[in-house]
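Sequential numbering from 2 applies to the sequence shown in the numbering used here. Yeah, the Cβ is synthetic: ideal placement off N, Cα and C, and Gly gets one too. The block underneath contains the structure these notes are about, expressed in structure tokens.
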Amino acid sequence: MSLYTITGAQLAFGHVALLDHADFSLEAGERVGLIGRNGAGKSSLLKIVADLTRPDDGLVTRQQNLSTVYVPQEPEFDTDDTVFEAVAAGLTHARALLDEYDVVANQLADEPEGAQHDALMARMNTLQSSLDAADAWNWSTRVATTLQQIGLNGEARVGSLSGGMQKRVALARALVVQPDVLLLDEPTNHLDFDGIRWLEDLLVSLRAGLLFITHDRAFLDRVATRIVELDRGRLLSYPGNFSAYQTRKAQQLEIERVENDKADKLLAQEEVWIRKGVEARRTRSVGRIARLVQMRNERAERRNVQGNVKLDVGQGEKSGKIVAELTDVTRRYGSRTVVDNFTATVMRGDKIGFVGPNGAGKTTLLKLILGELKPDEGTVRVGTNLQVAYFDQMRAQLDLDKSLADTISPGSEWVEVNGQKKHVMSYLGDFLFAPERARSPVKSLSGGERNRLLLARLFARPANVLVLDEPTNDLDIPTLELLEELLTEYDGTVLLVSHDRAFLDNVATSVIASEGGGKWREYVGGFTDWQIQRDRSQQMALDAQKEANKEAAKDAAPARDSSAGRNTQRAAKLSFKEQRELEALPEKIAALEAEQKTIGAQLEDGLVFARDAQEGTRLTERYAAIDEELLIALERWDELENRRK
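Shown next as structure tokens:
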């Protein structure tokens with residue numbers, strides 16, 4: 002039985018149908034990625050499942066006592082709370098039950114036998130059952146355990162944390178409830194690459210049903226076991242991850258195109274027939290006329306594909322061949338070195354991605370390249386004839402009270418892109434803004450729409466250097482793919498900061514990555530290429546260190562030989578049984594790791610939950626148990642190995 006089902010749901014916002022007789026269900030253990038255009042109604046659907054709102058019409062069924070937790074895009078906290086208090090807020094109901102239990106217990110102790118005593122006893126039994134069901138007796142331990150699992154300091158103040166760490170607090174607050182269904186709206190926002198990988202591992206290992214909204218295609222590929230697309234009010238389901246969805250979607254669109262072409266051809270033939278002369282009208286079939294009317298109606302009701310954003314960037318004059326040349330550049334903030342002795346050359350036409358943890362200094366390095374910041378040491382030579390267009394991550398360039406038209410073309414009804422004049426209404430239409438919205442204030446737009454507007458403003462200005470700081474936030478997948486295509490074909494230079502791994506892979510020709518401690522290094526290729534090269538470099542460094550250790554061991558061999566008698570004496574500390582145990586432990590550890598890897602692959606696939614929910618639960622419990630067994634085995638191996646030496 003499904004955890005949650007919606008049948009024939011309808012929901013409208015003004016004259017726009019967000020849900021149009023839509024059906025949806027969520028099975029135990031499923032991880033469903035919800036995708037669709039900005040403004041399609043994804044967040045509204047998530048709130049319906051969270052029981053925060055209701056559809057205008059339709060049937061909603063959920064399993065009895067189903068526990069559902071919703072984590073919004075921008076979680077809200079009391080910034081004065083500690084992390085422990087913020088996470089414990091997820092157990093408010095359980096703590097309230099416990100407080101009431103204490104009150105009733107005290108009243109019961111003072112109440113003599115009688116009707117009131119019996120009523121209190123009945124209430125106490127009810128509370129005890131509720132507390133048992135909610136596992137509320139040890140709520141404090143649950144909070145502490147969750148904090149440890151997620152790597153949070155319970156004593157820290159929430160207000161002092163970065164956006165990424167606050168996102169972790171919000172997830173901890175949800176997970177401490179141990180929900181049956183977890184609902185996440187844009188969970189990767191504010192997370193850096195390490196944070197996204199951590200979240201992927203966490204979600205793949207969860208037992209709960211998961212429904213999440215994201216435009217991160219790599220995240221969808223790793224986490225989702227099913228893709229549900231919200232397309233013009235309908236919910237379309239595709240088994241598998243995002244790559245599988247793309248294949249099936251392309252096949253489906255081609256079938257639809259062929260069928261529509263056939264229908265249009267037949268309709269055209271029937272229209273010719275109905276308009277023929279008197280002889281045709283004498284032989285006219287009533288049934289044929291009825292079919293023609295039906296075909297006309299079907300074509301009128303055909304759900305036309307939504308328009309795509311039309312992106313075209315205003316190409317400025319060519320910049321100099323060298324855009325920027327940095328030599329031994331160092332930049333500090335107080336005692337902290339953000340850029341340490343960095344040398345690089347940015348050439349015209351380069352498309353460079355900047356990657357690193359939040360706070361590593363990506364924006365600082367960008368400003369150094371553009372000459373907006375002076376280095377403390379070293380030199381920066383900025384190229385000639387640079388026309389820079391800057392996409393601001395925080396959208397600080399948008400005046401919320403200005404209209405969309407004034408934002409794009411202040412004081413004029415025309416914009417010029419690549420030497421061609423275009424009316425501002427038409428230009429806004431290229432970015433999917435209807436003419437009636439052109440006079441609306443910017444503050445009326447959603448996050449994704451504001452990003453689209455900023456792109457429209459950016460591309461309306463001639464530029465030969467595009468600086469894009471997190472341009473992918475809140476953009477839907479079709480717009481992302483079009484932006485990738487535009488930037489790939491763009492003749493100018495692109496400096497790009499993004500946590501979207503697929504976007505970096507598809508656009509960047511090289512990556513400048515933070516190596517920690519203010520060190521930066523350039524790698525050829527996109528995000529995946531950087532990972533491969535970085536891992537290879539780390540492995541080579543590790544092998545070199547091992548080789549150095551071996552050489553050091555050889556040099557120290559005589560000294561060890563002189564103490565052979567003492568070592569023999571220490572080895573005798575292991576009994577015969579312990580020696581056999583030590584010899585068997587590596588094989589046992591390898592077997593446990595192999596078993597855990599196999600189970601992890603099954604859980605990551607997610608189909609096991611759809612086939613057999615009980616087996617999925619058993620595998621999840623076994624995966625966690627192996628962690629404990631591995632820890633015990635490794636500690637025992639370490640203990641015996643140290644005693645033997």
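Give every residue of the same chain whose Cβ lies closer than 7 Å to the Cβ of residue i, excluding the five residues on either side of it in the sequence, and list them in chain order.
| i | result |
| --- | --- |
| R458 | T408 and I409 |
| L112 | The sequence given here has Glu at residue 112, not Leu. Closer than 7 Å at the Cβ level, and outside the excluded window around E112, lie H118 and L121. |
| L481 | H216, T473 and F504 |
| A173 | V88, T147, L148, I151 and L153 |
| P376 | V330, T331, R332 and L369 |
| E596 | I627 |
To the nearest whole angstrom, what separates the beta carbons of residue i and residue j, a pair I think is in contact under 8 Å?
| i | j | result |
| --- | --- | --- |
| V229 | F504 | Between F504 and V229 the Cβ distance is about 22 Å, and since that is not below 8 Å, they are no contact. |
| T69 | P180 | 6 Å |
| V498 | K363 | 5 Å |
| I323 | M348 | 6 Å |
| N359 | D193 | 5 Å |
| V356 | F343 | Not confirmed; about 15 Å, so no contact. |
| T365 | V340 | 6 Å |
| L496 | I353 | 6 Å |
| D81 | G160 | 7 Å |
| L351 | T494 | A quick correction: the sequence has Asp, not Leu, at residue 351. The pair is a contact, with the Cβ atoms about 5 Å apart (cut-off 8 Å). |
| T226 | R32 | 5 Å |
| L4 | Q64 | 5 Å |
| T621 | R208 | 5 Å |
Nearest by alpha-carbon distance to residue i: which of the options is it?
| i | options | result |
| --- | --- | --- |
| K48 | L446, Q150 and F213 | F213 |
| V88 | G42, D58, N154 and N107 | N154 |
| A145 | L162, Q11, V84 and R537 | V84 |
| T6 | L236, A173 and Q74 | L236 |
| N242 | E260, W138, K555 and V205 | V205 |
| P240 | G34, G449, E75 and S445 | G34 |
| L467 | F432, P442, R451 and V508 | V508 |
| R535 | I256, T380, S515 and L67 | S515 |
| N139 | L99, L172, G37 and Y71 | L99 |
| R143 | G165, G164, G115 and L176 | L176 |
| P479 | A13, L487, R38 and M541 | R38 |
| F460 | A325, F432, S45 and R612 | F432 |
| A29 | L211, W199 and R169 | L211 |
| T510 | F14, H500, K520 and G526 | G526 |
| R169 | R32, A13, A435 and F78 | F78 |
| R537 | Y524, A549 and E548 | Y524 |
| E437 | A406, L455 and Y491 | A406 |
| D222 | T54, T338 and Q247 | Q247 |
| D265 | S244, Q295, F434 and R249 | Q295 |
| N190 | V178, L446, G164 and R198 | G164 |
If you drop the 5 nearest sequence neighbours on each side, which residues of the same chain put their C-beta closer than 6 Å to that of residue i?
| i | result |
| --- | --- |
| A10 | L20, A23, P56 and G59 |
| A573 | Confidence is the limiting factor: at A573 the pLDDT is only 47, short of 50, which leaves the residue's position unreliable and the question unanswerable from this model. |
| A134 | none |
| Q394 | Legend: pLDDT at Q394 = 49, less than 50; position of this residue unreliable, value from coordinates given subsequently. D470 and E471, listed in sequence order. |
| K423 | V416 |
| V72 | A171, A175 and L185 |
| L631 | L593 |
| V279 | The predicted model places V279 with a pLDDT of 47, which falls under 50 and marks its position as unreliable; any figure quoted below should be read in that light. Closer than 6 Å at the Cβ level, and outside the excluded window around V279, lies no residue. |
Which residues bound the alpha helix (DSSP H) around residue i?
| i | result |
| --- | --- |
| W140 | W140 to I151 |
| K444 | From DSSP, K444 is part of no alpha helix (DSSP H); its letter is neither H nor E. |
| L176 | G164 to L176 |
| E43 | Correcting the residue identity first, residue 43 is Lys in this sequence and not Glu. Unbroken alpha helix (DSSP H) run through K43: K43 to V50. |
The beta strand (DSSP E) spanning residue i covers which residue range?
| i | result |
| --- | --- |
| K423 | Q421 to H424 |
| R208 | Premise fails: R208 is in no beta strand (DSSP E) and is neither H nor E. |
| N342 | R337 to M348 |
| H191 | Premise fails: H191 is in no beta strand (DSSP E) and is neither H nor E. |
| T93 | Looking at the DSSP string, T93 is not in any beta strand (DSSP E); the run it does join, the alpha helix (DSSP H), is T93 to D111. |
| E114 | From DSSP, E114 is part of no beta strand (DSSP E); its letter is neither H nor E. |
| F14 | Y5 to F14 |
| E326 | I323 to Y334 |
| V17 | V17 to L27 |
Quick one: what's got a C-beta closer than 8 Å to residue i's C-beta in the same chain, skipping five residues either side?
| i | result |
| --- | --- |
| L635 | I590 |
| L128 | L98, E101, Y102 and V105 |
| N452 | R396, P472, N474, D475 and L476 |
| S404 | A439, R440, S441, P442 and V443 |
| G42 | L12, F14, L19, L20, L231 and G234 |
| M125 | Y102, V105, A106 and L109 |
| D562 | Per-residue confidence for D562 stands at a pLDDT of 48, beneath the threshold of 50, marking its modelled position as unreliable; the derived number appears in the next sentence. For D562, where only same-chain residues beyond five positions count, there are no Cβ hits under 8 Å. |
Is residue i close to chain C? Criterion is C-beta to C-beta, closer than 8 Å.
| i | result |
| --- | --- |
| L47 | Any reference to chain C falls outside this structure, which holds one protein chain only. |
Sequence ranges, beta strand (DSSP E) only - wholly within the segment 221-282, length at least 3: Fully enclosed beta strand (DSSP E) runs of 3 or longer: 227-232 and 235-240.
Whole alpha helix (DSSP H) elements within the segment 353-392, 4-residue minimum: 363-370
Quick one: which unbroken beta strand (DSSP E) runs of 3-plus residues sit fully inside the segment 486-518? Chain order, please. 494-498 and 511-517
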